[in-house]
Amino acid sequence: MKTFKSLNYYEILKIPANADAAAIQRAYSEALEIYDKDSLVTYSLFSEEERADVLQSVDEAFHTLIDEDKRSAYNRVLIDSGQIDAAALASGPRQAPLTPADRPGPVKHRDLATWVKKKSQEEGIKALAEGVVNKDMISGKDLKQLREVFEIDLGEIFEATRISVSVLKMIEEEQFANMPADVFLRAFLKSYAQILNIDPQRVMDGYLKFKASAGPRFTKNRS
Numbered sequence: 013m014k015t016f017k018s019l020n021y022y023e024i025l026k027i028p029a030n031a032d033a034a035a036i037q038r039a040y041s042e043a044l045e046i047y048d049k050d051s052l053v054t055y056s057l058f059s060e061e062e063r064a065d066v067l068q069s070v071d072e073a074f075h076t077l078i079d080e081d082k083r084s085a086y087n088r089v090l091i092d093s094g095q096i097d098a099a100a101l102a103s104g105p106r107q108a109p110l111t112p113a114d115r116p117g118p119v120k121h122r123d124l125a126t127w128v129k130k131k132s133q134e135e136g137i138k139a140l141a142e143g144v145v146n147k148d149m150i151s152g153k154d155l156k157q158l159r160e161v162f163e164i165d166l167g168e169i170f171e172a173t174r175i176s177v178s179v180l181k182m183i184e185e186e187q188f189a190n191m192p193a194d195v196f197l198r199a200f201l202k203s204y205a206q207i208l209n210i211d212p213q214r215v216m217d218g219y220l221k222f223k224a225s226a227g228p229r230f231t232k233n234r235s
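13 is the number of the first residue of the sequence shown in this note's numbering; add one for each residue after it.
Following this line, the structure appears as structure tokens:
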């Protein structure tokens with residue numbers, strides 16, 4: 013099981029090995045927001061020293077991958093050590109810019125906490141929320157269904173938490189093989205649950221149990 017320190021630069025930035033420069037820039041900006049000392053998502057996960065180490069790793073990953081010569085040398089090290097397959101560097105086109113569906117949509121100007129509190133009083137939504145948090149295993153589809161009945165867009169969650177829309181979609185669509193390490197996934201799930209005003213601990217435990225049930229075929233088993 014991998015720790016953050018053992019991740020390669022592509023895994024740190026959560027991009028494929030054939031990502032283009034625009035994707036690297038975008039991933040770097042998202043990582044800085046997530047691991048910043050003022051981040052609501054990760055502020056309780058790290059000591060100041062640990063956060064500095066994480067940000068240093070993010071910075072090293074960016075400056076290595078954005079430089080073609082350094083990246084080529086680094087790729088050779090990864091290939092020689094068996095961490096990536098040479099075919100992954102040339103398989104298909106390099107990652108294109110985000111599609112409109114992946115970008116944060118127009119944000120509705122409303123107090124999200126007040127909106128969720130109000131909607132939570134509706135019998136149908138209340139029953140659905142209770143049903144989800146009481147499950148032994150909670151799927152991404154469960155979370156998406158609940159978000160949609162609250163009439164909340166992914167863009168609104170992004171604005172409130174700074175968790176990128178692409179990561180939010182990974183969670184809802186159960187793209188386990190592409191997800192960040194579990195220590196960060198737990199933080200993202202906690203913030204997601206808090207937005208929907210449901211028990212964060214049950215959501216974290218239930219989702220990770222569901223993820224584990226998918227088996228190694230669909231997960232990277234990182235922590």
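Cβ coordinates follow ideal geometry from the N, Cα and C atoms, glycine included. In this text, all values refer to a predicted model and were calculated from it rather than measured experimentally.
On the criterion of 16 or more Cβ atoms from any shown chain inside 10 Å, does ILE78 qualify as buried, or is it exposed?
As a working note, residue 78 is residue 66 in the sequence shown. Exposed, by the Cβ-count rule.
Which of helix, strand or coil DSSP assigns to ASN209:
On the sequence shown, position 197 is the one that residue 209 refers to. Residue state, collapsed to three classes: coil.
Write down the C-beta distance between LEU208 and PHE162 rounded to the nearest angstrom, noting that I regard them as a contact closer than 8 Å.
As a working mapping, residue 208 is identified with position 196 in the sequence shown. As a working mapping, residue 162 is identified with position 150 in the sequence shown. About 6 Å; that satisfies the 8 Å criterion.
Report yes or no: do three or more beta-carbon pairs, one from the region 169-177 and one from the region 86-106, lie closer than 8 Å?
no
Span of the alpha helix (DSSP H), counted from its first residue to its last, around ASP154
If you number the sequence shown from 1, residue 154 lands on position 142. Unbroken alpha helix (DSSP H) run through ASP154: 152-161.
Hey, LEU158 and LEU140: beta-carbon distance below 8 Å or not?
As a position in the sequence shown, residue 158 is number 146, starting the count at 1. As a position in the sequence shown, residue 140 is number 128, starting the count at 1. Taking C-beta atoms as the reference points, LEU158 and LEU140 count as a pair closer than 8 Å.
Would GLY152 pass as a contact of GLU184 if the rule is Cβ separation under 8 Å?
Looking up residue 152 in the sequence shown gives position 140. Looking up residue 184 in the sequence shown gives position 172. Contact: yes.
Assign LYS223 to one of two classes, buried (16 or more other C-beta atoms within 10 Å of its C-beta) or exposed (fewer than that).
For this step, residue 223 is matched to residue 211 along the sequence shown. Label assigned to LYS223: buried.
Under the rule that 16 or more other beta-carbon atoms within 10 Å means buried, what is ASP81, buried or exposed?
Taking the sequence shown and counting its residues from 1, the one referred to as residue 81 is at position 69. That one is exposed.
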